[in-house]
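For the sequence shown, position 171 matches number 171 in full-length UniProt numbering, and the numbering has no gaps at all.
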Amino acid sequence: MPILYSVVARGTVLLAKYASCAGNFTEVTEQLLSKIPPHDDKLTYSHGNFLFHYIAENKLVYFCITDDKFQRSRAFLFLNEIKRRFTTAFGDTAQTAIPYAMNDTMAMRGEKLELLVNKADNLATGSVSYRNTSRTLQRSLFWKNVKMYVIMGGVAALAVYLVGAMACGGLKWGNCV
């Protein structure tokens, strides 16, 4: 299941929000925002089938609600992307903005939240695929090198044998034995 609800807030003042489905998310969010300490922090709360993720930084709180099956790392990737876009778009104006002042602007400037989550998921999947491919390539090149060293060693041993045989009077080594 995707991210159900997302908020950018200053203390308990909601500056921007997005909901992908209906629910009492606003009331729950206001209760949780009042309990978030003012210092910079990032944390996940769990209640029932929902996870509440937040990043608090510079008096702003980037908050989202997901179901309990949603990966914590993906939620924080999403929140970091929202934080980056929000600070790029608004900077210090968020410190004095009125409630919901950035809602329309965030919707116009940013991509849909689901698209961001999908991109983060694609990056994670791509990195696993890249790691597996690079390991396979590394093993393949290792065994190619081993084969080359075995062949070079065999050729060198044959060359030493032939030089020794020539010095000793032929392949039967008649002069040396």
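Built from N, CA and C at the ideal position, the CB exists for glycine as well. Please read these numbers as outputs of a predicted model, since none were measured by experiment.
Cβ neighbours of C168 within its own chain (closer than 8 Å, five residues either side excluded): G174, N175, C176, V177. In this structure the stretch 61-68 does not touch the stretch 118-126; the number of beta carbon pairs closer than 8 Å is below three. Shown here, F25 sits in a helix according to DSSP, grouped into three states. Apart from sequence neighbours up to five positions away, the residues of its chain that approach T12 with a beta-carbon distance below 7 Å are E30, L33, S34, ordered along the chain. Here D41 carries a strand assignment [DSSP, helix/strand/coil]. Residue range 72-90 is occupied by the alpha helix (DSSP H) that includes F76. For S20, there is no enclosing beta strand (DSSP E), as DSSP marks it with neither H nor E. Out of H47, T26, F25, I55, the CA that lies nearest to the CA of I36 is found in I55. D67 carries a strand assignment under DSSP once its states are collapsed to helix, strand and coil.
Inclusion of A16 and Y5 in the CB contact set at 7 Å is not warranted, their separation being larger than that value.
Residue range 3-10 is occupied by the beta strand (DSSP E) that includes L4.
For I151, the secondary structure class from DSSP, reduced to helix, strand or coil, is helix.
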